[in-house]
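S.K.: To start, I am sharing the structure in question, which I have written as structure tokens.
Numbering (the UniProt record's numbering), first residue to last: 1 to 223.
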């Protein structure tokens, strides 16, 4: 479920809502937080001041905030179970995906613990069964992956893919298959550390050899 460029409403402004907003900002959502002024956390106040999010300083209004605003997604993080259920019920009627914090039966989706390294994103979710466990698993993954420059390697591989597409822009199945197989071979044959060292000059040398077998890192660097 993507939130890129989509309007998302967060109901509440406390600690849980603050964590939800952090996830949404990282996912490039257009965020509106609805809560009384006194309920807005210091971090959310900071994000409002930086224009990262919009704040509507009042209690949630179903007519205005659902029927009129028509958000693509609603996240509820308030202390009132009855108000939360009312919002959930109306969202379901309007077919708006909704997540009510700490109430799995009132969640169409769950938040996980996110690991990021440049373009690399890994989300761990327990589907509401053990949020703390998802953080533990994410830390284990992070401890393992941070030993190598995965993010930079993926970023440089992306540059190579775009350069290959620019130089050989054919749209036929054969051309597309050749490009994909050729870049895939490099990603499989080169180590993560080698891919991270794939600078622009090396990319031009690699692209120059596209009619041959993919060159090794050692061949390009004479090592």
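A virtual CB, placed ideally from N, CA and C, is assigned to each residue, including glycine. For clarity, every value in this text was computed on a predicted model and none was experimentally measured.
#1: Hey, residue 3 and residue 29: beta-carbon distance below 9 angstroms or not?
#2: When the distance is taken between beta carbons, is residue 198 closer than 9 angstroms to residue 165?
#3: In angstroms, rounded to a whole number, what distance separates the CA positions of residue 152 and residue 63?
#4: Mapping DSSP to helix, strand and coil, what is residue 120?
#5: Taking 6 angstroms as the limit between beta carbons, can you name the residues of its chain near residue 148, skipping five residues before and five after?
#6: Over the uninterrupted alpha helix (DSSP H) stretch that includes residue 176, give me the two end residues.
#7: In the DSSP output, what is residue 107 paired with across the bridge?
#8: Am I right that residue 72 and residue 119 are in contact with their C-beta atoms under 8 angstroms? What's the rounded C-beta distance?
#9: Among all the DSSP beta bridges, which residues are the ones paired with residue 54?
#10: May I ask you to report which of helix, strand or coil DSSP gives residue 169?
#11: Examine the ligand FMN and report whether any of its heavy atoms sits within less than 8 angstroms of the Cβ of residue 39.
#12: Once you ignore the five residues that flank residue 202 on each side, which residues in its own chain have a CB closer than 7 angstroms to its CB?
#13: Taking the CB atoms as reference points, tell me whether residue 60 and residue 96 lie closer together than 9 angstroms.
#14: Which first and last residues belong to the alpha helix (DSSP H) in which residue 16 is found?
#15: Relative to the C-alpha of residue 55, which residue among 66, 68 and 35 is closest?
#16: Can you say whether residue 80 is buried or exposed, counting buried as having 16 or more other CB atoms within 10 angstroms of its CB?
#17: Thinking residue 246 and residue 138 are a contact (beta carbons under 8 angstroms), I'd like their distance in whole angstroms, please.
#18: In the DSSP assignment, what residue or residues form a beta bridge with residue 46?
#19: How many Å lie between residue 25 and residue 48 at the Cα?
M.R.: Working from what's here:
#1: Against a cut-off of 9 angstroms, the Cβ pair of residue 29 and residue 3 comes out as a contact.
#2: no
#3: When rounded, the distance between both Cα atoms is 46 angstroms.
#4: strand
#5: 192
#6: DSSP places residue 176 inside the alpha helix (DSSP H), whose first and last residues are 173-189.
#7: 99
#8: Here residue 72 is actually not in contact with residue 119; their C-beta atoms are around 24 angstroms apart, not less than 8 angstroms.
#9: 32
#10: coil
#11: In the structure on display, the ligand FMN does not appear, and there are no ligands present to speak of.
#12: 220
#13: Pairing residue 60 with residue 96 gives a Cβ-Cβ distance that is not under 9 angstroms.
#14: Element bounds for residue 16: 15-26.
#15: 35
#16: exposed
#17: Outside the displayed span of the chain (1 to 223) sits residue 246, for which this structure offers no information.
#18: Under DSSP, no beta-bridge partner is assigned to residue 46.
#19: 12 angstroms
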